[in-house]
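Taking this note's numbering, the leading residue of the sequence shown gets -3, the next gets one more, and so forth. The beta-carbon is built from N, C-alpha and C at its ideal position, and this holds for glycine as well. Everything numeric in this text was worked out from a predicted model, so none of it was measured. Notes follow the structure.
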Amino acid sequence: MITCLNCGQEWPVDPALLVPCPTCHAKIGQRCKRPSGHGVWGGDIHPDRDRAAMRTVPGYGRCPAVTQAKPVPALPVLVQAQLFRSEDA
């Protein structure tokens, strides 16, 4: 059973394993592999595969509990300059 840590939604199998991986060409049901043939660190899947599953697997998509973060405004130029000012100056 796979459970989303944000919203608690559950799937009997990882939805990303229901599509082939466009990055490493792992087949449906197979875990992703690195070019060396070793498994991806942590047993994870490639992001492109997860995105492909979001587009094609019914009931799977962007987590409803996660909202897009607002962009952080840039600091004014004077403040940026002060960040890099030497203490000796």
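Check                                                                                                                                   : Outcome
Which of the three DSSP states is assigned to G35 in this structure?                                                                    : strand
Using 8 angstroms as the threshold, is the segment 44 to 51 in touch with the segment 12 to 22, meaning 3 or more CB pairs across them? : yes
What is the DSSP secondary structure of T19, counted as helix, strand or coil?                                                          : coil
Using only CA atoms, which one of P8, C17, R51, W7 lies nearest to D40?                                                                 : C17
Start and end of the alpha helix (DSSP H) containing T52?                                                                               : 43 to 52
For A61 and C28, I'd like the C-alpha separation in whole angstroms.                                                                    : 26 angstroms
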